[in-house]
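As they're listed, the protein sequences go chains A and B.
Residues 1 to 115 in my numbering are what the first sequence lists, from first letter to last.
Residues 1 to 112 in my numbering are what the second sequence lists, from first letter to last.
Heads up, the beta-carbon is just placed ideally off N, CA and C, and yes, glycines get one too.
Reading through the structure tokens given below for one structure.
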Amino acid sequence: DTGVSQNPRHKITKRGQNVTFRCDPISEHNRLYWYRQTLGQGPEFLTYFQNEAQLEKSRLLSDRFSAERPKGSFSTLEIQRTEQGDSAMYLCASSPVQGGTDTQYFGPGTRLTVL
Amino acid sequence: GQNIDQPTEMTATEGAIVQINCTYQTSGFNGLFWYQQHAGEAPTFLSYNVLDGLEEKGRFSSFLSRSKGYSYLLLKELQMKDSASYLCAVRGQDTGFQKLVFGTGTRLLVSP
């Protein structure tokens, strides 16, 4: 098991451009989460999936943000018309459905810089 | 909603013991997690508490008191590599029992 992977690791874009990030969870993990982290802060929840169903979206997630998990495996997070305030580390995590701990394991993140 | 407080920064000496406190408020508490995060890297799971008491894992221990809304992470025999941020996160009924709500993290600096 290679853990959660995310691509790209770094993305620099100009304001107004669209970007898409990919997350591959630990295999057999049903739940997948997206968080955003800015410097000096803890991760903030954006959205999560159980299998292919998107079960919750944070109010932080404006209509410029969309996430998908079409086959219940990998997920993509797209940001349209990026703004400088979108600059952050975007973290993906996955967890099994164990009915108990359901520990979330994080990927290395995608660092987005919007110029 | 949830409110999670932890100190911003702590310093300690190699070989010493340090305790990082976390207080929280949440409805329908359903677990508290500690993660370690080195600069520029992803959070790494350290411990999970859902019942009152102490959980020990090698040099790291975590304690929970649900009635007081309080937890601490205890790091023993500190090593230089323990210099990192330590994140306290809770899960509760008002989060739908799934998402984690994180504190801002405690930056620990271990000096020789």
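Check	Outcome
In the DSSP output, which residue or residues are listed as bridge partners for A/Glu-28?	According to DSSP, A/Glu-28 bridges with nothing at all.
Is A/Asp-86 helix, strand or coil when you go by DSSP?	helix
Kindly indicate which three-state DSSP category B/Gln-79 falls into: helix, strand or coil?	coil
At 3 residues or longer, and completely inside the stretch 32-88 of chain A: list those beta strand (DSSP E) runs for me, N to C.	44-50, 53-57, 65-68 and 75-79
Check whether the Cβ of B/Val-110 lies closer than 9 Å to any Cβ atom in chain A.	no
Ordered along the chain, which non-local residues of its own chain (more than five positions away) have a Cβ less than 8 Å from that of A/Arg-36?	Pro-43, Glu-44, Leu-46, Leu-60, Ala-88, Met-89, Tyr-90 and Leu-91
Please state if the CB of B/Ser-85 and the CB of B/Leu-100 are separated by a distance shorter than 9 Å.	no
Confirm, please, whether the CB-CB distance from A/Ser-73 to A/Pro-8 is below 9 Å.	no
Please list the residues of the stretch 85-115 of chain A that have a C-beta atom closer than 7 Å to any C-beta atom in chain B, keeping them in chain order.	Leu-91, Thr-101, Thr-103, Gln-104, Tyr-105, Phe-106, Gly-107, Pro-108 and Gly-109
For A/Gln-104, name the three-state secondary structure that DSSP assigns.	coil
Whose CA, out of B/Ser-111, B/Ser-27, B/Leu-87 and B/Ser-65, lies closest to the CA of B/Asp-52?	B/Ser-65
Please state if the CB of B/Ser-71 and the CB of B/Tyr-35 are separated by a distance shorter than 9 Å.	no
Which whole-angstrom value describes the C-beta separation of B/Ala-42 and A/Phe-106, a residue pair presumed to lie in contact below a C-beta threshold of 8 Å?	4 Å
Ignore the nearest five residues each way along the sequence and tell me which others in B/Glu-14's own chain have a CB closer than 8 Å to its CB.	Leu-78, Gln-79, Met-80, Val-110, Ser-111 and Pro-112
Can you pull the chain D residues whose beta carbon is under 7 Å from the beta carbon of A/Gln-41, in chain order?	You won't find chain D in this structure, because its protein chains are A and B.
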